[in-house]
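Chemist: Residue numbers (this note's numbering), protein chains in the order written: chain A, 699 to 919; chain B, 699 to 919; chain C, 699 to 919; chain D, 699 to 919.
We put the beta carbon where it would ideally sit given N, CA and C, even for glycine.
There are 4 protein chains.
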Amino acid sequence: MEGGGFVRLDAHMGDDLSVVNAARVSFGARSDAMDERNAGLVRFLMRDRHGTPFEHNAFRFHIRCPIFVVREWMRHRIGSFNELSARYAEMKADFYVPAAADVRTQVGKPGAYVFEPVEAEHAERTRDAIAASYAAAFATYRALLDDGVAKEVARTVLPVGIFTEFYWTVNARSVMNFLSLRNHEAAQLEIRRYAVAVETLWGERMPVTRDAFVANARTAP
Amino acid sequence: MEGGGFVRLDAHMGDDLSVVNAARVSFGARSDAMDERNAGLVRFLMRDRHGTPFEHNAFRFHIRCPIFVVREWMRHRIGSFNELSARYAEMKADFYVPAAADVRTQVGKPGAYVFEPVEAEHAERTRDAIAASYAAAFATYRALLDDGVAKEVARTVLPVGIFTEFYWTVNARSVMNFLSLRNHEAAQLEIRRYAVAVETLWGERMPVTRDAFVANARTAP
Amino acid sequence: MEGGGFVRLDAHMGDDLSVVNAARVSFGARSDAMDERNAGLVRFLMRDRHGTPFEHNAFRFHIRCPIFVVREWMRHRIGSFNELSARYAEMKADFYVPAAADVRTQVGKPGAYVFEPVEAEHAERTRDAIAASYAAAFATYRALLDDGVAKEVARTVLPVGIFTEFYWTVNARSVMNFLSLRNHEAAQLEIRRYAVAVETLWGERMPVTRDAFVANARTAP
Amino acid sequence: MEGGGFVRLDAHMGDDLSVVNAARVSFGARSDAMDERNAGLVRFLMRDRHGTPFEHNAFRFHIRCPIFVVREWMRHRIGSFNELSARYAEMKADFYVPAAADVRTQVGKPGAYVFEPVEAEHAERTRDAIAASYAAAFATYRALLDDGVAKEVARTVLPVGIFTEFYWTVNARSVMNFLSLRNHEAAQLEIRRYAVAVETLWGERMPVTRDAFVANARTAP
């Protein structure tokens, strides 16, 4: 991702079978392996909105992204966050500048915007303006620190395009809620790219659940 | 535990080091192993109520206990539950009868009860009365099922002393909140025994955190 | 409702306009009254799953229902509960006996049960058997209390058909999630009746939201 | 507050009596008015960490504050938020510049910082540098918008010191958790001032609860 962004799966617990067994406890039963019948159960649970069996697992992600992205991310309350603090740490000069192909204009009205790419020259002057603004803000930040101003005061000038990092621990049900809203055409392009990365990493560990989620019009149970 | 009750750790993710690294991300740092300095950090986080670093882990327990115990358990909302359903499954004749030493009387007033054991003969006639009541209720349940009544209707006669089972998935912060209230002298004896079992299984995986919790007057961060 | 059950709206805050204004803050705007344009916004938010604007309100319900109903109710974690405690209070001999028309048999398999009423005579002998079982259990409970056994021990023999009462405070988004699952054909008849009562009381205070919810296939945003 | 910040109580439900009655339902009882005995019950609940009775109320606040403040605020997950969106609305040139007396330096190490005011001249040149940085960033933002760049792209250059606004709906238990951490000496000065305003507005509606909270070492139940 641009500017050193990443999504990394730091640890996880559980798989498709954990969904099955959380559901089968309703009947006092338990399975030892996934098979076609169990896959059918996962699809049934997804379709009929039995959400709780998808909660008995955990995924700990380590993420590096701009502040304007983490701002949207942290609106998702069912999950755990710990983030780099600009009160405690000096921030680094690492910023999100959109790739030329991602510089865009908007048409339409709020709630129904459509975005269109801009001409190459327009993209370049936008990128230059953004980068220059970042550089100026960071120069002020550094100067304030060098002048003895507290980090928590100096950081007020930093732009929301600066990179931060955090841990995010969630279960699959919450991941799917996140994906339904953020790997979605109405989401901002930048967070959507992170959501795609989350979906890939998560989906590799719970492929039957991911397929059922996709087949269910990407609606979380 | 009496009557076939149990607490089993079915799966877990994370350890004391995950607490340290969730905290260290605030400074953009990371540790590879626990040492005395990291243990000190865990104790500091506990004491100063920095709760979120204790959330980046997960413990999936499988529990068998009476309904009156699970009723208290499910008041703990930060966590995930799936339970045996008496709508879907026929219940088995497995009930909680207190051991003689656990039959008790109460003195004092609500909020400040003190419990005292009863005489041996008193305990035995209590146990007999409870067991007989369970047996009669279960005979009615069976008769209703045999007469074609739906399980979800027949179960209305079953006592809250009948055993159920469930999966419970939580993080360490929520475990500590649970322990602070349920492995506590004000908790009912029966759920307290389960809480002790949870504390043992959890504490083996996060010994530094458990020791810090105990040293912090068993107050969750 | 049977046996003294009830749902009572004890207090509430907010209405349809609070949904509109929570949404309009996104644009830095505010409305003073509902009109057709604002009603359209509510419908748009419901349809496009913008859930958070439906959270800035509160409904405090006071409910009396059997334990087997409150057991399902408390699985809904986004909300607040306080309930009558059989540790602190002596329970009264008030039990749920299904009306004759509600005694039912089941056909089909778990997850796809169909319920059918039973013949009149079958219904009556079922009601008699349930009532007799309740009476016997309660007699044991009373005898144990009279014999000096602690309330929290004596209550183990009480059936899940006994009435309890509780306060439940929730916002409209959580109410709609509850209704989508409990005022639903897959829900048990008994909790469904309570859900209908909740829907009526809530819907009178937020009629535009309720209509949008119904029009959205009763899917919570 | 500086720069047009405010905290406004937009609506509320419940008072000290709602705490009492949520607790008394445990015993099947109810009170009609606060008196000294009920005040004693509130203090007991606070002291012994019976938290749920403090949840049956709601407070809807409307707040205007800088992004670096709302970033800390939204870490509090038990509550509801809707915020001004820089994807949908053009941001205004309204920024937080610390008053001269609030410009500060820090001594000590992370977790144990002490802040000290700076000399008058130092404060002024800090304020000037911050204001100039804000003005330059905003000029770039405006220029990008005028050049047809989408709002969601242009906003990446805006500093975290810019003002935003949001609605926050919470119950008293969550308010107290917020206050215990944010109206606290370890909190950043800027959010602490908002927390003081929240405490005043909330405390006027629940004075017995607020006094019990303060007497309980400001520890939330």
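#1: Roughly how many whole angstroms lie between the Cα atoms of ASN736 of chain A and ASN780 of chain B?
#2: If you check the beta carbons only, do VAL740 of chain B and VAL717 of chain B fall under 7 Å apart?
#3: Within a Cβ cutoff of 7 Å, which residues of the same chain sit near SER729 of chain A, ignoring the five residues on either side of it in sequence?
#4: Would you mind sorting PRO815 of chain B into buried or exposed? The rule is 16 or more other CB atoms within 10 Å of its CB.
#5: Between which two residues does the alpha helix (DSSP H) holding PRO905 of chain C run?
#6: On the DSSP bridge assignment, give the partners of VAL705 of chain B in chain order.
#7: By alpha-carbon positions, which one of D:ARG802, D:ALA791 and D:GLY846 ends up nearest to ARG823 of chain A?
#8: Quick one: does THR898 of chain B have its CB under 7 Å from some CB of chain C?
#9: ALA756 of chain B and MET772 of chain A look like a contact to me (Cβ under 8 Å); what is the Cβ gap, rounded to whole Å?
#10: Roughly how many angstroms lie between the CA atoms of GLY862 of chain B and SER783 of chain B, to the nearest whole one?
#11: Under 8 Å, CB to CB, which of the residues in the region 705-729 of chain B have a partner in chain A?
#12: Spell out the partners DSSP gives VAL868 of chain C in its beta bridges.
#13: Rounded to the nearest angstrom, what separates ALA848 of chain C and VAL858 of chain B at their Cα positions?
#14: Take PRO796 of chain A as the anchor and find which of A:MET732, A:PRO764, A:GLU850 and A:LYS807 has the nearest alpha-carbon.
#15: So PRO857 of chain B contacts chain C; which residues on that side make the cut at Cβ distance below 8 Å?
#16: To which residues does DSSP link GLU781 of chain B through a beta bridge?
#17: From what residue to what residue does the beta strand (DSSP E) around PHE813 of chain A run?
#18: If you draw a straight line from the C-alpha of GLN804 of chain A to the C-alpha of VAL851 of chain D, how long is it?
#19: So, is PHE752 of chain B buried or exposed, given that buried needs 16 or more other C-beta atoms within 10 angstroms?
#20: Under 7 Å, Cβ to Cβ, is there at least one residue of chain F near GLU819 of chain C?
#21: Under 8 Å by Cβ, that's how I've got SER878 of chain D and THR917 of chain D pegged, so tell me the actual separation to the nearest angstrom.
#22: Pull out every residue of the region 750-779 of chain A whose Cβ sits closer than 7 Å to any Cβ of chain B, in chain order.
#23: Is there a C-beta anywhere in chain A that falls below 7 Å from the one on SER783 of chain B?
#24: Taking the C-alpha atoms as reference points, what is the distance between GLU888 of chain B and VAL767 of chain B?
#25: Looking only at its own chain, which residues have a Cβ that is under 6 Å from the Cβ of PHE704 of chain C, when we skip the five neighbours before and after it?
#26: With 16 as the cutoff for other CB atoms within 10 Å, does ALA835 of chain C come out buried or exposed?
#27: Using a cut-off of 7 Å between C-beta atoms, extract the partners of ALA827 of chain B located in chain C.
#28: Would you decide whether ALA870 of chain D is buried or exposed? Buried here means 16 or more other CB atoms lie within 10 Å of its CB.
#29: Using a Cβ-Cβ distance cut-off of 7 Å, determine whether VAL847 of chain C contacts chain B.
#30: How far does the beta strand (DSSP E) with VAL795 of chain B in it extend, from its first residue to its last?
#31: Does THR917 of chain D come out as helix, strand or coil in the three-state DSSP assignment?
#32: Using only CA atoms, which one of D:ILE860, D:ASN881 and D:GLU902 lies nearest to TYR892 of chain D?
#33: Whose C-alpha, out of A:ARG802, A:ASP800 and A:ALA791, is nearest the C-alpha of SER831 of chain A?
#34: Could you check whether the Cβ of ALA787 of chain A sits closer than 7 Å to any Cβ belonging to chain B?
#35: Beta carbon of PRO919 of chain C, beta carbon of MET732 of chain C: below 7 Å?
#36: Could you compute how far the alpha carbon of SER778 of chain B sits from the alpha carbon of ASN875 of chain B?
Modeler: Judging by the given coordinates:
#1: Within the first sequence, the letter at position 38 stands for residue 736 of chain A. Within the second sequence, the letter at position 82 stands for residue 780 of chain B. One C-alpha to the other measures close to 17 Å.
#2: Counted from its first residue, the second sequence places residue 740 of chain B at position 42. Counted from its first residue, the second sequence places residue 717 of chain B at position 19. In this structure, VAL717 of chain B lies closer than 7 Å to VAL740 of chain B by Cβ.
#3: Here the question's residue 729 of chain A lines up with position 31 in the first sequence. Closer than 7 Å at the Cβ level, and outside the excluded window around SER729 of chain A, lie LEU715, VAL718, ASN719, ARG722 and ASN736.
#4: Here residue 815 of chain B refers to the residue found at position 117 of the second sequence. When all chains shown are included, PRO815 of chain B counts as exposed.
#5: Mapped onto the third sequence, residue 905 of chain C falls at position 207. PRO905 of chain C -> alpha helix (DSSP H) spans 905-913.
#6: What you label residue 705 of chain B is simply residue 7 of the second sequence in a count that begins at 1. DSSP output for VAL705 of chain B lists B:ILE761 as bridge partner(s).
#7: As a first step, residue 823 of chain A is located in the first sequence; it is residue number 125 there, counting from the start. Cα-wise, what sits closest to ARG823 of chain A is D:GLY846.
#8: Within the second sequence, numbered from 1, the residue matching residue 898 of chain B stands at position 200. So, not an interface residue.
#9: The sequence position of residue 756 of chain B within the second sequence is 58, counting from 1. The sequence position of residue 772 of chain A within the first sequence is 74, counting from 1. With 8 Å as the limit, ALA756 of chain B and MET772 of chain A do not qualify as a contact, their Cβ atoms being about 20 Å apart.
#10: Working through the second sequence from its first residue, we reach residue 862 of chain B at position 164. Working through the second sequence from its first residue, we reach residue 783 of chain B at position 85. The sequence as given places Thr at residue 862 of chain B; Gly does not occur at that position. THR862 of chain B and SER783 of chain B: Cα-Cα distance of roughly 8 Å.
#11: ALA709, HIS710, MET711, GLY712, SER716, ASN719, ALA720, ALA721, VAL723, SER724, PHE725 and GLY726
#12: Along the third sequence, read from residue 1 onward, the residue named residue 868 of chain C stands at position 170. DSSP output for VAL868 of chain C lists C:PHE757 as bridge partner(s).
#13: Taking the first residue of the third sequence as 1, we reach residue 848 of chain C at position 150. Taking the first residue of the second sequence as 1, we reach residue 858 of chain B at position 160. Each residue's Cα considered, the two are about 16 Å apart.
#14: Position 98 of the first sequence, counted from the first residue, corresponds to residue 796 of chain A. The residue with the shortest Cα to Cα distance from PRO796 of chain A is A:PRO764.
#15: As a working mapping, residue 857 of chain B is identified with position 159 in the second sequence. Ordered by position in chain C, the residues that pass the 8 Å Cβ test against PRO857 of chain B are ALA835, THR854, VAL855, LEU856, PRO857 and VAL858.
#16: As a first step, residue 781 of chain B is located in the second sequence; it is residue number 83 there, counting from the start. DSSP lists B:PHE864 as partners of GLU781 of chain B.
#17: Numbered from its first residue, the first sequence carries residue 813 of chain A at position 115. That run of the beta strand (DSSP E) goes 812-815.
#18: Here residue 804 of chain A is taken as the residue at index 106 of the first sequence, counted from 1. Here residue 851 of chain D is taken as the residue at index 153 of the fourth sequence, counted from 1. When rounded, the distance between both Cα atoms is 10 Å.
#19: The sequence position of residue 752 of chain B within the second sequence is 54, counting from 1. By the 10 Å Cβ count, PHE752 of chain B comes out buried.
#20: In the displayed structure, chain F is absent; the protein chains listed are A, B, C and D.
#21: Residue numbering aside, residue 878 of chain D sits at position 180 when the fourth sequence is read from its first letter. Residue numbering aside, residue 917 of chain D sits at position 219 when the fourth sequence is read from its first letter. SER878 of chain D to THR917 of chain D, Cβ: 6 Å. Contact.
#22: THR750, PRO751, GLU753, HIS754, ALA756, ARG758, SER778 and PHE779
#23: Stepping through the second sequence from its first residue, residue 783 of chain B is reached at position 85. So yes, SER783 of chain B belongs to the interface.
#24: Within the second sequence, residue 888 of chain B is the residue found at index 190, counting from 1. Within the second sequence, residue 767 of chain B is the residue found at index 69, counting from 1. Those two C-alpha atoms are separated by around 7 Å.
#25: Mapped onto the third sequence, residue 704 of chain C falls at position 6. For PHE704 of chain C, where only same-chain residues beyond five positions count, the Cβ hits under 6 Å are ARG762.
#26: Locating residue 835 of chain C in the third sequence gives position 137, where the first residue counts as 1. Buried is the call here.
#27: Here residue 827 of chain B refers to the residue found at position 129 when the second sequence is read from its first residue. Here the neighbours are THR838, ALA841 and LEU842.
#28: Here residue 870 of chain D refers to the residue found at position 172 of the fourth sequence. Counting Cβ neighbours within 10 Å, ALA870 of chain D comes out buried, since at least 16 surround it.
#29: As a working mapping, residue 847 of chain C is identified with position 149 in the third sequence. Yes, its Cβ sits closer than 7 Å to a Cβ of chain B.
#30: Looking up residue 795 of chain B in the second sequence gives position 97. From DSSP, VAL795 of chain B is part of no beta strand (DSSP E); its letter is neither H nor E.
#31: The residue given as residue 917 of chain D occupies position 219 in the fourth sequence. Three-state result, THR917 of chain D: coil.
#32: Taking the first residue of the fourth sequence as 1, we reach residue 892 of chain D at position 194. The residue with the shortest Cα to Cα distance from TYR892 of chain D is D:ASN881.
#33: For the purposes of this step, residue 831 of chain A is taken as the residue at position 133 of the first sequence. When only C-alpha atoms are compared, the closest one is A:ALA791.
#34: As a working mapping, residue 787 of chain A is identified with position 89 in the first sequence. True, the Cβ-Cβ gap to chain B drops below 7 Å.
#35: Here residue 919 of chain C refers to the residue found at position 221 when the third sequence is read from its first residue. Here residue 732 of chain C refers to the residue found at position 34 when the third sequence is read from its first residue. It is not a contact, given that the beta carbons lie outside the stated cut-off.
#36: Position 80 of the second sequence, counted from the start, is the residue given in the question as residue 778 of chain B. Position 177 of the second sequence, counted from the start, is the residue given in the question as residue 875 of chain B. Taking the straight line from one Cα to the other gives about 15 Å.
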